[in-house]
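First to last, the protein sequences are chains X, U, S and E.
The first sequence stops at residue 347 when you use our numbering, and every number in between is there.
The second sequence stops at residue 1347 when you use our numbering, and every number in between is there.
The third sequence stops at residue 2347 when you use our numbering, and every number in between is there.
The fourth sequence stops at residue 3347 when you use our numbering, and every number in between is there.
Heads up, the beta-carbon is just placed ideally off N, CA and C, and yes, glycines get one too.
Notes to accompany the following structure.
There are 4 protein chains.
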Amino acid sequence: MATMKALVFRKVGLIESTEIPIPEITAPNQVLLKVAACGICGSDVKIMEGKHVYKENTVLGHEFCGTVVDIGSSVTAVKVGDWIALDNNSRCGVCDFCRMGFSSQCIELKNRTLGIFKNGGYAEYVLATEDVCFRIPNVIDEITGTQVETLGTVLNGMNTVQMQCYDSVLVLGCGPIGYLFTAIAKNVAASVAVTEIDPFRFDIAKKFGVPAFNPETCNLEEEILKLTSGKKMDVVIDATGTQLENAIKYVTPGGKILAFGMDSSYMANIQPNYITRNAIKILGTYIGQNTILPSIKLLQSGKLDMRNFFTEVIPLTSGVGAFAKLGLDLNEMKHVPKKAMKIVLKP
Amino acid sequence: MATMKALVFRKVGLIESTEIPIPEITAPNQVLLKVAACGICGSDVKIMEGKHVYKENTVLGHEFCGTVVDIGSSVTAVKVGDWIALDNNSRCGVCDFCRMGFSSQCIELKNRTLGIFKNGGYAEYVLATEDVCFRIPNVIDEITGTQVETLGTVLNGMNTVQMQCYDSVLVLGCGPIGYLFTAIAKNVAASVAVTEIDPFRFDIAKKFGVPAFNPETCNLEEEILKLTSGKKMDVVIDATGTQLENAIKYVTPGGKILAFGMDSSYMANIQPNYITRNAIKILGTYIGQNTILPSIKLLQSGKLDMRNFFTEVIPLTSGVGAFAKLGLDLNEMKHVPKKAMKIVLKP
Amino acid sequence: MATMKALVFRKVGLIESTEIPIPEITAPNQVLLKVAACGICGSDVKIMEGKHVYKENTVLGHEFCGTVVDIGSSVTAVKVGDWIALDNNSRCGVCDFCRMGFSSQCIELKNRTLGIFKNGGYAEYVLATEDVCFRIPNVIDEITGTQVETLGTVLNGMNTVQMQCYDSVLVLGCGPIGYLFTAIAKNVAASVAVTEIDPFRFDIAKKFGVPAFNPETCNLEEEILKLTSGKKMDVVIDATGTQLENAIKYVTPGGKILAFGMDSSYMANIQPNYITRNAIKILGTYIGQNTILPSIKLLQSGKLDMRNFFTEVIPLTSGVGAFAKLGLDLNEMKHVPKKAMKIVLKP
Amino acid sequence: MATMKALVFRKVGLIESTEIPIPEITAPNQVLLKVAACGICGSDVKIMEGKHVYKENTVLGHEFCGTVVDIGSSVTAVKVGDWIALDNNSRCGVCDFCRMGFSSQCIELKNRTLGIFKNGGYAEYVLATEDVCFRIPNVIDEITGTQVETLGTVLNGMNTVQMQCYDSVLVLGCGPIGYLFTAIAKNVAASVAVTEIDPFRFDIAKKFGVPAFNPETCNLEEEILKLTSGKKMDVVIDATGTQLENAIKYVTPGGKILAFGMDSSYMANIQPNYITRNAIKILGTYIGQNTILPSIKLLQSGKLDMRNFFTEVIPLTSGVGAFAKLGLDLNEMKHVPKKAMKIVLKP
């Protein structure tokens, strides 16, 4: 039986570069994909820490693209040789949420997600189902192609928050998600500012050429008042999951807060009276939904400033060492300063 | 100088039935109104307690209608003899909020509101400005006419929450605001349930013929799961200002919470991660905005079930005694059980 | 091989009551359904005339409900014995429209629709796929259950037009679709009026207790001005497909026209300048989309006034004769006055 | 009495450079403005032809900015010395449309518009009312400041059409309005294409660096199919008023058409069945509404590519000669090829 290289998540703290069998088509709706590249997501880092749902002995990696090398008998959406990106979140299509058009809440996500519950993209090959395979044009290269789904989640946030061309926007946190929101807002909105506390990523944030702040070294509320002539921000995007209390301080009356980042350890103490008096909207949005094609369209346009997004591209077999650059020292299982925005693995 | 009867708010805890001069037109945009009736609002009760902004030596009362008896030289919207309702919140029209079409945040509200900052409807006559005077059809009688603005605030909430005809709706609190939301949802939505803890008002809530719960005597979360086959509510309206934590428990993934009621003493401890994971929307909405004409249309239609809304109509001069029925014993300045939904004063 | 009764569409003008084999499960995602009842849709009448797309030698009927009697190996959404309604329009899930969440434009509808391109509900049994089978509660009986999908299309229209509780609404045409819109608007909107030219259906329209007009025997524009104090209608729903020119006349500035009914023979001559000057919105909406569950919720609530919707329930084998009551004399292939709103066939 | 230079519209075909008295404050809400610059709008050209409503013996010009030199006693929004732009359309605030928040349909526009019904900006001074005066930051210079209101109308269109960051957009017509929509869409949307038939303006359209087409010299439908891989455009903006039939051809199923340009001589022959089958939305939008502040924010941001918008800046006294460059030879009253995008007059 032919084998392939893969990074297998063994248990919290342990990911292993090894050889496993190349998967084979066993159902009519399956697609076998040769992986071109796979990004390391922040949630993979959280899995390694045990701070995210996980399944042991699974190949991680859910940000990948590649080429179709085999298809099941009923597959029509792609054919062998197609250059494709994936939505790692396969939806069941028949739960009540899917049937309401609200597939980001599909109750089967917990069994189906590639790279978490099923083997993912830290490997040479991935077995997927037709529904999650999307043809992409050649103009989207293998590095950019890893971010189709990531951008899709951000676009679901954009669909929720409905940013206007005259809005002032504040993005809290400039990891990969905050980066993508900032890049979009830089195009769409009248003005955008971004924050980040990690020094490496703050340096990247500054390269957007928009106001960038480290909230630990400035009085952010004052800076925002200055930037907006006292009006505060029309849209505040929490890309960290820990900033709701602050977001409420920074948003203008009638403004919108997008609660995007996730951190289940954070509790917010808020005054609902203030939400009401100022007609503030707090909008939760989860993963992507109908946004893979929009993501492809936007990446294809070349309009997003992705110049500083990809920090490095390294071989798959060096992947274990990349987690330290993303802030988690696997040997000592402790947080360290980040040395990367996005790292991409190539098998 | 001619005088009129009025209830004057002297200071926290003291409101006085007295005679004051009948006001006169002194500016071209003014309208003098003979009051037909004036409702007592819950915020008037809060003013008596010192729990709401107030101005001493002012005639309270902002839920009133009446007949135009004099107009200034530039007034065109109404004429002498017109039967009118009022928006007690006069907007300046030139602040940034007004100019953005977001007049519910007008920065001049704090100086202009009739019945709080300027003399209001607990009197025989009120001096208003043209902008807040709205002609109403005769089919809206003097009792119903007192609620035009109140319903206008509720309709601003409806504009914010965009209830659908297939939604399940939960209204938390059945005071006058909760009553109006329940009456609307009973028409609009597929199903509605309502809660109330005050015994008098709970009895009224039950008369809607929809599920009514006293959350102090039942397990509301279980009841909601039962009502919705485990799905929870599409829309939850907090008509109390103290229920955000609960509202988050009762709302379905993807659902909407309308933060309408106001209680500045309440702090909510919430987990933003839950908001994000379940794509919940928390929507603040404050007073009315462009909703007086819609309110008039809806009241004119006769479609709202107002049968149990007005508890009693009493003479203006008996108004001081009405506060106890609304839950505040003015003599001892302590809370007592309510004996009314809405009380209307007639001069 | 066991056989069943069925009405088979042979060719334009010819539908035949006959016996055909009972279908059998041949694929893992299939569901075999024992039909409880099936409504006759206006589009079935158009198929008989050759004015709608059709496929010869197909069992017509797409408004049906029934009981699951067999399922394929991969089916999870329903089980044998379940009481279900159907969405006759199976969507492929992988075309660009489906993937954008816009499945009403699925490019495979033209091959998949039950009762048009595949055998439908004018039979004792129907072979369907899991995706179109929806469990319904017992409170929805077999007659009401036939209209789950029909109401679903209307709810897609409601999602598009976003009717408000203070709106005035005009429904042009009171066939089954116009009936359903009127029944909803009667609940949701501040006021509703309805038109119909067919005498039988006009008599039904009048039973709603809302203003009903025969535009051939009155000056409808004048009536509308009278009803709305000169303001015209906030929402106009064209349930016929031939009324766009009139709808533009009847709608208020800033109002919305829902273009719902379909008649490919009708061309409208309109002045775009008027659309612009009056900020009118013309909103097309096609079949249902994510609206079967909402339809079930609404029917389950019992809130729609369906009392005059079902004209008669007749045996399946008498179905051929029903077309004349729906306005098409099959013998002479000519239009005749209607004698029914909705006719339901029971096998 | 002091006089000032002004261009007075005498009658169709005749505009005269003359001296008229400098206006004076006569009411408490008035503002006297020293004009810095005034753009010539396409509707001014139409007035000269008699193809737009007009009032004889009025100073034209409604695209202007300047400095406050005197204010009435009740004015608070601006003070002497302020640098301001104007909304030439003063709204009454008390008609039903204004009171519904729908002031673009204000019934008093027809009496109040500066530069059409009251003396406008082709002069050294203009007498305005407080409500239409908006402070602008110094970073908006006198040339850009003339377009605050024009851009405000375009932003009302943007509010209506809700362009998304992944949309493909087609702008039909590249006069000043089409230019502004193209400049915005170039920032906001994934892709934009623009059309124009006038050679001078087509040359400007090409400078955007986006696909530009002269529909008279290409097969536009084919070009659109090519650009969009057969999908057609998500958003089509008719900036001419004569393109609705074409817009329907160019828009994708589910797409939106913004009917913005106005030409009352154009009638469109459309098939409503197509609108319905393809779920197309046709959205009218008229002038600006709550969009002056957004316009100022967007111009202040410097994000719009205005580099090719202003063709020339000439003295007010040379203004009569400018109409020929905008396509109307006043001597012979005939259309001639355009030689300008926007011409600005300086007193």
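Return the CA-CA distance between I3015 of chain E and A3212 of chain E, expressed in angstroms with no decimal places.
-> 35 Å
Answer with buried or exposed for T2153 of chain S, where buried requires no fewer than 16 other C-beta atoms within 10 angstroms of its C-beta.
-> buried
Please name the residue, chosen from U:V1068, U:V1313, U:F1134, that lies closest to N1088 of chain U on a Cα-to-Cα basis.
-> U:F1134
Which runs of the alpha helix (DSSP H), 4 residues or longer, sit entirely within the segment 3-65 of chain X?
-> 42-49
For S168 of chain X, the first and last residue of its enclosing alpha helix (DSSP H) = Run containing S168 of chain X: none in the alpha helix (DSSP H); it sits in the beta strand (DSSP E), 168-172.
Use the C-beta contact count for M333 of chain X: other C-beta atoms within 10 angstroms, 16 or more gives buried, fewer gives exposed.
-> exposed
Would you check if the segment 2248-2260 of chain S and the segment 3229-3240 of chain E touch, i.e. whether three or more CB-CB distances between them fall below 8 Å?
-> no
Could you name each continuous alpha helix (DSSP H) segment of 4 residues or more that falls completely within the segment 2098-2183 of chain S, going from the start of the chain to the end?
-> 2109-2112, 2148-2161
Indicate whether at least one CB of chain U lies closer than 8 Å to the CB of F102 of chain X.
-> yes
Take the Cβ of H2062 of chain S as the centre, count every other Cβ of all protein chains shown within 10 Å, and call the residue buried at 16 or more, exposed below.
-> buried
Quick one, which of E:V3148, E:N3290, E:L3172 has its alpha-carbon nearest D3198 of chain E's?
-> Residue E:L3172 is the option with its Cα nearest to D3198 of chain E.
Could you please give the first and the last residue of the uninterrupted alpha helix (DSSP H) stretch that includes F962 of chain U?
-> The requested residue 962 of chain U does not occur in the structure, where chain U is confined to residues 1001 to 1347.
Round the Cβ separation of L2033 of chain S and D2044 of chain S to the nearest angstrom and send it over; I've been treating them as touching at under 8 Å.
-> Actually they do not touch by this definition, with Cβ atoms about 19 Å apart.
Listed in chain order, which residues of the segment 266-300 of chain X have Cβ atoms closer than 7 Å to some Cβ of chain U?
-> Y266, M267, A268, N269, I270, Q271, P272, N273, I275, T276, R277, N278, A279, I280, K281, I282, L283, G284, T285, Y286
Which bits of chain U does P253 of chain X rub up against, with CB to CB less than 8 Å?
-> Within chain U, the residues near P253 of chain X are F1097, F1102, Q1105.
Could you list which residues in chain S have their beta carbon closer than 7 Å to that of A77 of chain X, in chain order?
-> V2094
Quick one: is A1259 of chain U near chain C, going by C-beta distance under 8 Å?
-> No chain C is present in this structure, whose protein chains are X, U, S and E.
Beta-carbon of E1130 of chain U versus every beta-carbon of chain E: anything under 8 Å?
-> yes
From V148 of chain X to G42 of chain X, what does the alpha carbon distance come to, in whole angstroms?
-> 16 Å
Under the rule that 16 or more other beta-carbon atoms within 10 Å means buried, what is T1953 of chain S, buried or exposed?
-> Since the displayed chain S opens at 2001 and closes at 2347, residue 1953 of chain S lies outside it and no answer follows.
L2155 of chain S touches chain U at which residues, Cβ-Cβ below 7 Å?
-> Y1166
So which residues of chain X does L1244 of chain U contact, with C-beta pairs closer than 7 Å?
-> P272
For Q3105 of chain E, count neighbouring Cβ atoms within 10 angstroms of its own Cβ and tell me buried if that reaches 16, exposed if not.
-> By the C-beta density criterion, Q3105 of chain E is buried, having at least 16 other C-beta atoms within 10 angstroms.
Segment limits, beta strand (DSSP E) that includes D2203 of chain S = No beta strand (DSSP E) holds D2203 of chain S; the alpha helix (DSSP H) holding it covers 2199-2206.
Who are the neighbours of V188 of chain X on chain E, taking C-beta pairs under 8 Å?
-> Chain E residues near V188 of chain X: C3165, N3187, V3188.
Using a cut-off of 7 Å between C-beta atoms, extract the partners of D1263 of chain U located in chain X.
-> N273
Step through the CB atoms of chain S and report whether any lies within less than 8 Å of the CB of G3241 of chain E.
-> Yes, G3241 of chain E counts as interfacial toward chain S.
Nearest to A2340 of chain S by alpha carbon, out of S:V2031, S:T2076, S:I2204?
-> Across the set S:V2031, S:T2076, S:I2204, the C-alpha of S:I2204 shows the shortest separation from the C-alpha of A2340 of chain S.
Span of the alpha helix (DSSP H), counted from its first residue to its last, around N273 of chain X = 272-277
In chain order, which continuous runs of the alpha helix (DSSP H) of length 4 or greater are located wholly inside the segment 316-344 of chain X?
-> Fully enclosed alpha helix (DSSP H) runs of 4 or longer: 322-325.
Distance between I3248 of chain E and M2262 of chain S (C-alpha atoms, nearest Å) | 17 Å
So A2259 of chain S is in the beta strand (DSSP E); what residue range does that whole segment cover?
-> 2251-2259
Decide if T1076 of chain U is buried, meaning its Cβ has at least 16 other Cβ atoms within 10 Å, or exposed.
-> exposed
Under a CB-based cut-off of 8 Å, is K2303 of chain S close to chain U?
-> yes
In this structure, does DSSP put L3283 of chain E in helix, strand or coil?
-> DSSP places L3283 of chain E in strand when its eight states are reduced to three.
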